[in-house]
Amino acid sequence: MKKVLIISTSLRNNSNSEILAKSFFDGAKENNDVELISLKNKTINFCKGCLACGKLHKCVIKDDSNEIVEKMANADVIVWATPVYYYSMSGLMKTMIDRANPLYSMDYKFREVYLLATATEDESYTPEGTIKGVQCWIDCFDNVEFKKTLFVGGVTDPSDILNNPKLKEAYEMGLKV
Ligand SMILES: Cc1cc2nc3c(=O)[nH]c(=O)nc-3n(C[C@H](O)[C@H](O)[C@H](O)COP(=O)(O)O)c2cc1C
């Protein structure tokens, strides 16, 4: 049994990427200890770049990110769910990644990362920038593997993803986590 943390980073109600994340959650919860956190109602301020986290092993800004960083450190698997914004990850996801800088000097446990992404366009290049951003983040950590990406293009409005066959793929990906 793995400890799996899914972080959903769209601010929309009925978000396509969050619906994708819920399918992954449903598969993963069959055999694992899984938590899905939405950043929608959290306060996650920008990193100020003070680098105090290198010495303190936590962030000096008091908001909801500290609890999430603790959960990231203690998970075996981290799953990011994001809309593609200008060929990259959502601003909220990037802000959370920056605020997770304390992980760098912590005894983090996570070893595997998954990416779930949605977008309007459905071209092979559409998710490339998002994938690259996640890969570059992972490359900063020892012993962490980028396991898989599930990209769903062709979805624009909230809930467009409902009935999309890729939801089953997300479930199966979760089942095999
Ligand atoms: C600010 C912004 C930027 C976007 N940039 C892109 C883009 O670069 N490529 C694309 O195909 N879709 C883009 N979209 C569309 C979203 O990726 C699409 O609606 C997605 O399904 C939203 O996922 P969500 O419902 O989880 O928020 C953008 C939407 C917004 C609001």
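For the sequence shown, my numbering begins at 58 and goes up steadily by one. Quick reminder that beta carbons are idealized off the backbone N, C-alpha and C, glycines included.
Of the residues the options, the one placed nearest residue i, counting alpha carbons only
i      : options                           : result
Lys151 : Gly111, Thr187 and Glu124         : Thr187
Ile135 : Ile76, Pro222, Leu93 and Leu224   : Leu93
Lys233 : Asn70, Gly84 and Asn73            : Gly84
Glu202 : Cys116, Val126, Cys193 and His114 : Cys193
Leu96  : His114, Asn88 and Ser65           : Ser65
Glu127 : Ala138, Ile154 and Gly106         : Ile154
Lys99  : Glu178, Ile125 and Pro222         : Ile125
Glu310 : Asn221, Thr206 and Val61          : This structure cannot settle anything about residue 310, because the visible part of the chain is limited to 58 through 234.
Phe82  : Tyr171, Ser162 and Ser122         : Tyr171
Pro67  : Lys225, Val141, Gly190 and Glu229 : One point to set straight first is that residue 67 is Ser, not Pro, in the sequence displayed. Answer by Cα proximity: Val141.
Asn158 : Ser122, Thr177, Ser181 and Trp137 : Ser122
Val191 : Leu173, Met58 and Val117          : Leu173
Tyr144 : Asn220, Lys86, Tyr182 and Gly231  : Tyr182
Asp10  : Phe198, Ser147, Asp179 and Glu180 : Because the chain spans 58 through 234 in this model, residue 10 falls outside it and cannot be assessed.
Three-state secondary structure assigned by DSSP to residue i
i      : result
Lys223 : helix
Val191 : helix
Lys151 : helix
Val126 : helix
Tyr228 : helix
Interface flag, residue i vs chain B, CB-CB below 9 Å
i      : result
Ile154 : Note that chain B does not occur in the displayed structure, where there is just one protein chain.
Run through the segment 75 to 116 for me and flag every whole alpha helix (DSSP H) of 4 or more residues, listed as ranges in chain order. 110 to 113
Write down every uninterrupted run of the alpha helix (DSSP H) in the segment 159 to 209 whose length is 4 residues or greater and which is fully enclosed by it, in chain order. 185 to 195
Residues whose Cβ lies closer than 6 Å to any heavy atom of ligand 1, in chain order: Ser67, Arg69, Ser72, Asn73, Ser74, Glu75, Pro140, Val141, Tyr142, Tyr143, Tyr144, Thr175, Ala176, Thr177, Glu178, Thr183, Val212, Thr213 and Pro215
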